[in-house]
Amino acid sequence: MSASQFMRAVRITGHGGPEVLELTEVAVPAPQAGEVLVRVGAVALNNTDLWTREGAYGRPGDPKALSGWRGPIDFPRIQGADVAGRVVAVGPDVDGNLVGRRVVVDPAIYDIEGPDANPVGLMGSERDGGYAEYVTASAERVHDVTDSPLTDDQLATLPTAYGTALGMIERGRLRAGETVLVSGASGGVGLALVQIARARGARVLAISSGAKIDAVRGAGAHEVVDRARDVARQIRAAAPEGIDVALDVVAGELVSEGLPLLREGGRWVIAGALGGHDVAFDVRRLYLHNAQVIGSAMHTPTHFGLLMDLARRAGVQPVVAATFPLDQAARAQEELARRGHVGKIVMHPRVPSARLGRRCVGGRHRVPVDRAVAPAVEEGAVVAHAAEP
């Protein structure tokens, strides 16, 4: 691979608002030993993108510290965890038959090898991600979905949102016939929770609001609680015998209000803090009722494998709310932050905007974006060394 081969990418140059998103050209990365190069067909956005850009994760002992998903970020960093595309090159010691295969990338960086490893890093935070025309990934972390009837847009919605949802469901030990409460049900993770929990045979109560309620019900919720009204009272009315499992991406006051609604041996699984990270509750509701509060960060390799099995047979039907070209990454993130949509927002790195030449809305660009970028690699190449940055 020649060092003169470049790709368009959007990266963050520091923590801040949309203005730190920078559209630029960088050298196409070359896959190292054990890696593949993926031509990105679609990359989905997540709240993680916003919070990583803002540095909103805090650190142990310093919750207000600017931080990426699991610690300080090496800037500049190409964002984007959720990638669907095709393998166009492989590094040494990788099966060349992967070239040309349609894949989804598991974005997790795991603590150990093995099926039950926990994620300790994330593509787009701890390593460069998919806000680019190409991305490298471990060959062990790309999953062949060539024959899936799902589109690239739909496949790109799966890794973080559906991976997080499946991790929550598995860690919460949700069983058929149980009653499950889903918070934030109109978002990417929330809709995934509704769909998968319904497919598992659970009775699904979902929390949403306004015009989104019908969409959440259409995704599979048996009943929808309006968060603009008294949530606890509505839950009691809908599930007078209590709930078995809560799948919560909101936290905040919902935890203290909701824990008393758990049945004996109930499980409250938390994977987000949209409603606030400082939570107070009566611990007697836990030990007197053998209840559990469970933290859940993304998924294990086993969970992701189960998710890819669903993808291959279209066992879930992801909802794509909107699509954007790469040079409108800032606008796409602003749309995500407004939370007026139902489903997932997706970008197409290799589809130029109809308004090429304009700056990345809300951000910056360092190169003319109306200039065609030459193809970065010859498909089928086997590459031994990374291109110089």
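Numbering-wise (our numbering), the sequence shown opens with residue 1 and increments by one. Glycine included, every Cβ here is placed at the ideal spot set by N, Cα and C.
Rounded straight-line distance, which links the Cα of L158 to that of R338 | On the sequence shown, position 338 is the one that residue 338 refers to. On the sequence shown, position 158 is the one that residue 158 refers to. Cα to Cα, R338 sits roughly 21 Å from L158.
Determine the extent of the beta strand (DSSP E) in which R40 is found, giving its start and end residues.
-> Your numbering for residue 40 matches position 40 in the sequence shown. Before going on, a small fix: residue 40 reads as Val here, not Arg. Per DSSP, V40 belongs to the beta strand (DSSP E) from 35-44.
Helix, strand or coil for S125 per DSSP?
-> As a first step, residue 125 is located in the sequence shown; it is residue number 125 there, counting from the start. Note: S125 maps to coil in three-state DSSP.
Going by beta carbon distance, what residues of the same chain come within less than 8 Å of L259, once the five residues before and after it are set aside?
-> Residue numbering aside, residue 259 sits at position 259 when the sequence shown is read from its first letter. Cβ neighbours of L259 beyond the five flanking positions: W268, F281, D282, R285, L286, A291, V293.
Count the CB pairs spanning the region 242-252 and the region 143-160 that are closer than 8 Å, and state whether there are at least three.
-> Judged by Cβ distances under 8 Å, the region 242-252 makes no contact with the region 143-160, as fewer than three pairs qualify.
According to DSSP, which residues form a beta bridge with A132?
-> If you number the sequence shown from 1, residue 132 lands on position 132. Answer is A9.
Reference V255; option with closest CA among D278, L66, S148 = What you label residue 255 is simply residue 255 of the sequence shown in a count that begins at 1. Comparing alpha-carbon positions, the option among D278, L66, S148 lying closest to V255 turns out to be D278.
Examine the Cβ distances between the region 14-28 and the region 40-60 and report whether three or more of them are shorter than 8 Å.
-> By the Cβ criterion, the region 14-28 is in contact with the region 40-60, since at least three pairs of Cβ atoms, one from each stretch, lie closer than 8 Å.
Roughly how many angstroms lie between the CA atoms of G96 and V104, to the nearest whole one?
-> The residue you call residue 96 lines up with position 96 of the sequence shown. The residue you call residue 104 lines up with position 104 of the sequence shown. Computed Cα separation, rounded: 17 Å.
Find out if the Cβ-Cβ distance for the pair P349, V40 is shorter than 8 Å.
-> By one-based count along the sequence shown, residue 349 stands at place 349. By one-based count along the sequence shown, residue 40 stands at place 40. It is a contact, given that the beta carbons lie within the stated cut-off.
Using three-state DSSP, classify L326 as helix, strand or coil.
-> Mapped onto the sequence shown, residue 326 falls at position 326. Here L326 sits in helix by DSSP.
Pull up the CB-CB distance for A30 and L21, whole angstroms please, since I reckon it's below 8 Å.
-> Looking up residue 30 in the sequence shown gives position 30. Looking up residue 21 in the sequence shown gives position 21. In this structure, A30 and L21 do not form a Cβ contact; the two beta carbons are roughly 25 Å apart against a cut-off of 8 Å.
Within the region 34-100, ranges of the beta strand (DSSP E) (whole runs, at least 3 residues) = Within the region 34-100, the complete beta strand (DSSP E) runs of at least 3 residues are 35-44, 82-90.
Collapsed DSSP secondary structure at G265 in the structure displayed | Your numbering for residue 265 matches position 265 in the sequence shown. Collapsing the DSSP output to three states places G265 in a strand.
Should D33 go down as buried or exposed, given a rule of 16 or more other Cβ atoms within 10 Å for buried?
-> On the sequence shown, position 33 is the one that residue 33 refers to. Checking the displayed sequence, the identity of residue 33 turns out to be Ala instead of Asp. A33 is exposed by the Cβ-count criterion.
For R102, count neighbouring Cβ atoms within 10 angstroms of its own Cβ and tell me buried if that reaches 16, exposed if not.
-> For this step, residue 102 is matched to residue 102 along the sequence shown. Under a 10 Å Cβ-count criterion, R102 is classified as buried, with 16 or more other Cβ atoms of the shown protein chains found around its own Cβ.
Taking buried to mean at least 16 other C-beta atoms within 10 Å of its own C-beta, is G201 buried or exposed?
-> As a first step, residue 201 is located in the sequence shown; it is residue number 201 there, counting from the start. G201 is exposed by the Cβ-count criterion.
Nearest candidate by alpha-carbon position, reference E170, set L310, L306, A322 = Here the question's residue 170 lines up with position 170 in the sequence shown. Ranking L310, L306, A322 by CA distance to the CA of E170 puts L306 first.
Rounded to the nearest angstrom, how far is the Cβ of L238 from that of G275, given a contact under 8 Å?
-> Here the question's residue 238 lines up with position 238 in the sequence shown. Here the question's residue 275 lines up with position 275 in the sequence shown. A small fix is needed here, since residue 238 is Ala in this sequence, not Leu. Taking a contact as a CB-CB distance under 8 Å, the pair A238 and G275 does not count as one, their CB atoms being some 20 Å apart.
In the DSSP assignment, find the beta strand (DSSP E) that holds A117 and state where it starts and stops.
-> Residue 117 sits at position 117 when you count from the first residue of the sequence shown. No beta strand (DSSP E) holds A117; DSSP gives it neither H nor E.
Look at the alpha carbon of G124 and the alpha carbon of V249, and state the distance between them as a whole number of angstroms.
-> As a first step, residue 124 is located in the sequence shown; it is residue number 124 there, counting from the start. As a first step, residue 249 is located in the sequence shown; it is residue number 249 there, counting from the start. So the two alpha carbons sit approximately 21 Å from each other.
Anyone know if the C-beta pair for A199 and G129 falls short of 8 Å?
-> Translated into the one-based positions of the sequence shown, residue 199 becomes position 199. Translated into the one-based positions of the sequence shown, residue 129 becomes position 129. It is not a contact, given that the beta carbons lie outside the stated cut-off.
Around the Cβ of K64, are there at least 16 other Cβ atoms within 10 angstroms (buried) or fewer (exposed)?
-> As a working mapping, residue 64 is identified with position 64 in the sequence shown. Under this definition K64 is an exposed residue.
With 16 other CB atoms within 10 Å as the buried threshold, where does Q317 fall?
-> One-based indexing of the sequence shown puts residue 317 at position 317. Counting Cβ neighbours within 10 Å, Q317 comes out exposed, since fewer than 16 surround it.
Exposure label - L288; buried when at least 16 CB within 10 Å = Taking the sequence shown and counting its residues from 1, one reaches residue 288 at position 288. Residue environment: L288 is assigned as exposed (fewer than 16 neighbouring CB atoms within 10 Å of its CB, all protein chains considered).
Closer than 8 Å by C-beta to A176: which residues in its own chain qualify, once you throw out the five before and the five after it? Chain order, please.
-> Indexing the sequence shown from 1 puts residue 176 at position 176. Spatial neighbours of A176 in its own chain (CB-CB distance under 8 Å, excluding positions within 5 residues in sequence) are listed in chain order as R200, G201, A202.
From T151 to G61, what distance separates their C-alpha atoms?
-> As a working mapping, residue 151 is identified with position 151 in the sequence shown. As a working mapping, residue 61 is identified with position 61 in the sequence shown. Approximately 43 Å, taken between the alpha carbons.
Excluding sequence positions up to five away, which residues of its chain have a Cβ less than 6 Å from the Cβ of Q234?
-> Reading the sequence shown from its first residue, position 234 is the one you call residue 234. Excluding five sequence positions before and after Q234, the CB atoms of its chain that fall closer than 6 Å to its own CB belong to V225, given in chain order.
Near A84, what residues of its chain come up, given a Cβ to Cβ distance below 6 Å and the 5 sequence neighbours on each side ignored?
-> The count along the sequence shown starts at 1 and reaches residue 84 at position 84. These residues qualify, in order along the chain: G41, A42, V104, D152, L155, A156.
Taking C-beta to C-beta, are P115 and T300 nearer than 8 Å?
-> For the purposes of this step, residue 115 is taken as residue 115 along the sequence shown, with counting starting at 1. For the purposes of this step, residue 300 is taken as residue 300 along the sequence shown, with counting starting at 1. Their beta carbons are under 8 Å apart, which means P115 touches T300 by this criterion.
Given a threshold of 16 other Cβ atoms within 10 Å of its Cβ, counted over all protein chains shown, does E126 qualify as buried or as exposed?
-> Taking the first residue of the sequence shown as 1, we reach residue 126 at position 126. Using a 10 angstroms sphere on the CB of E126, the tally of other CB atoms reaches 16 or more, which defines it as buried.
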